[in-house]
Amino acid sequence: MITIQDIAYVRSGTADLETAVGFAVDMVGLELVERTEDRAFLRADNRHHCLSFVAGEAGVLASAFTLADEDQLADAETELAAAGLTVTRGDKAAAVDRHVREFIAFEDPFGNVVELVVDQKEVPTPVNFARAAGITEFGHICLDAPDVRAAHKFWTRHFSMKVSDWIGDAACLMRFDPVHHKMAVFKGAGPGLCHMNFQVASIDDVMRSWHFLVDNGIEIEQGPGRHPQSGAVFLYFKGPEGLTYEYSYGVRRIEDDDAWRVRYFDPSEPDAIDMWRGPTNRCASQPQLRGLAAG
Ligand SMILES: CC(C)c1ccc(C(=O)O)c(O)c1O
Ligand SMILES: [Fe+2]
Numbered sequence: 273m274i275t276i277q278d279i280a281y282v283r284s285g286t287a288d289l290e291t292a293v294g295f296a297v298d299m300v301g302l303e304l305v306e307r308t309e310d311r312a313f314l315r316a317d318n319r320h321h322c323l324s325f326v327a328g329e330a331g332v333l334a335s336a337f338t339l340a341d342e343d344q345l346a347d348a349e350t351e352l353a354a355a356g357l358t359v360t361r362g363d364k365a366a367a368v369d370r371h372v373r374e375f376i377a378f379e380d381p382f383g384n385v386v387e388l389v390v391d392q393k394e395v396p397t398p399v400n401f402a403r404a405a406g407i408t409e410f411g412h413i414c415l416d417a418p419d420v421r422a423a424h425k426f427w428t429r430h431f432s433m434k435v436s437d438w439i440g441d442a443a444c445l446m447r448f449d450p451v452h453h454k455m456a457v458f459k460g461a462g463p464g465l466c467h468m469n470f471q472v473a474s475i476d477d478v479m480r481s482w483h484f485l486v487d488n489g490i491e492i493e494q495g496p497g498r499h500p501q502s503g504a505v506f507l508y509f510k511g512p513e514g515l516t517y518e519y520s521y522g523v524r525r526i527e528d529d530d531a532w533r534v535r536y537f538d539p540s541e542p543d544a545i546d547m548w549r550g551p552t553n554r555c556a557s558q559p560q561l562r563g564l565a566a567g
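And the structure:
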C-alpha cells in the first residue's frame, strides 16, 4: 500500500506559454514564481508550484502526489512494477526541473501519467497572489477515466485512498487525509485532467471571481453552485487549451473515518453535483450524465 502524503502539482504542456501563464496569473490569480524561455511555475500556497507549464504540445503531462521519503518511493516503485505497470525513475535533471528531490512516473490503467515525488520544495514566504481571488491552497486534482469503477479499484488497491462519495458511475471522490477529497476521477472518453481545484477563503471570493471572470469574457463551465458531496460552493471555468480550473469554498472534512458512510448520488438527478441546480456547459459530450450535463 502506497501512502500518499498530499497532492503536489499538475504539469501541463502548452503551445502558447505566454497565454497560458497570462491566464493563470491574471485570471486565476496565481503567483508566477519562475519563468524561463520554455517553462513557467506557478504557486497557490507554500508548495514551490502547483502548476507548471512546459512549452510544446498542449495537454496535461502529469499529475503528481507527494510521498514521505525515499524508502516509501522505492516501495511504491516495487509495488507498481509488481502490479505490471511500467515505472520510470526520474533522473537528476528531471527532478530539478520539478523542484523535487526524487520522483517516479507511471501511467494509471487508463493512460494518465502520474508522478510520485519526494521532497517537493517548500517556499515559506507568503504567496504574492496576482489578484485577490482569496485562494488559500491547491485543493484537489480530478483525473478523467473511461471506467470510474476500475479507476477506484486501482487507486484504493495500491494507494492509501478511500472513497468518500460516488456520483453513480460518473465520478468517484477520494480522500487520503481528513479533507473530503483531494483526488477525484470523472468519467471521460480517455485519460486527461478533468480539472484542478483551488480552495478560496469565502463564498464572497467565489461570487466575486464569478463576476470578475464573466466581465473578462472567460467561459464559465458551471457554477456558482454547491456540491452536495463536499458541501463546497464552487465555480468551474475554462482556461486556454481547455484546462479547467475550479474554485471552491467550504469543503467538508471527515474527521472520523469509521463513522463516515459512503454515499451514492444518482448522476441523472438534476442536483447530482449542484444543489442549486444551476446551468452547466459541463459534459455536453456526455448527455447520458443528465444531472451533470447542460440543463
Ligand atoms: C463533478 C466533479 C467530479 C465534482 C463533484 C463534487 C465535488 C465536490 O464535492 O467538491 C467536486 O469538487 C467535483 O469536482
Ligand atoms: Fe472538483
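Adding 272 to a residue's 1-based position in the sequence shown gives its number in our numbering.
A virtual CB, placed ideally from N, CA and C, is assigned to each residue, including glycine.
The model shown is predicted, which means the values in this text are computed figures rather than measured ones.
- The three-state reading of DSSP puts LYS393 in coil, since its state is none of H, G, I, E or B.
- The residues GLY511 and PRO512, in chain order, have a CB closer than 6 Å to that of PHE295 in the same chain once the five nearest residues on each side in sequence are set aside.
- The DSSP-derived three-state label of TRP438 is strand.
- For SER481, no beta strand (DSSP E) run applies; the uninterrupted alpha helix (DSSP H) run containing it begins and ends at 475-487, by DSSP.
- If you draw a straight line from the Cα of TYR521 to the Cα of SER474, it is about 6 Å long.
- Remark: fewer than three beta-carbon pairs, one from each stretch, lie closer than 8 Å, so the segment 339-358 and the segment 291-311 are not flagged as touching.
- Per DSSP, LEU289 is one residue of the alpha helix (DSSP H) stretching across 289-294.
- Judged by DSSP secondary structure, ARG283 falls within the beta strand (DSSP E) whose first and last residues are 278-286.
- Within 7 Å of the C-beta of GLU518 there is at least one heavy atom belonging to ligand 1.
- Remark: the C-beta of ILE274 is outside contact range of ligand 1, defined as less than 7 Å to any heavy atom.
- For ASP343, the uninterrupted alpha helix (DSSP H) run begins and ends at 342-354, by DSSP.
- In the three-state reduction of the DSSP assignment, VAL472 falls in the strand class, which pools E and B.
- GLY460 sits buried, since 16 or more C-beta atoms from the chains shown fall within 10 Å of its C-beta.
- Taking every protein chain shown into account, the CB of TRP438 has 16 or more other CB atoms within 10 angstroms, so this residue is buried.
- With respect to the 8 Å criterion, GLY440 and PHE537 are classified as neighbours on the basis of their beta carbons.
- In this structure, ALA348 lies away from ILE407, with their beta-carbon atoms at least 8 Å apart.
- Beta-bridge partners assigned by DSSP to GLU527: none are found.
- When DSSP states are grouped into helix, strand and coil, ALA366 belongs to the helix group.
- For HIS430, the enclosing alpha helix (DSSP H) has its first and last residue at 420-430.
- Annotated three-state conformation of ASP416 is strand, per DSSP.
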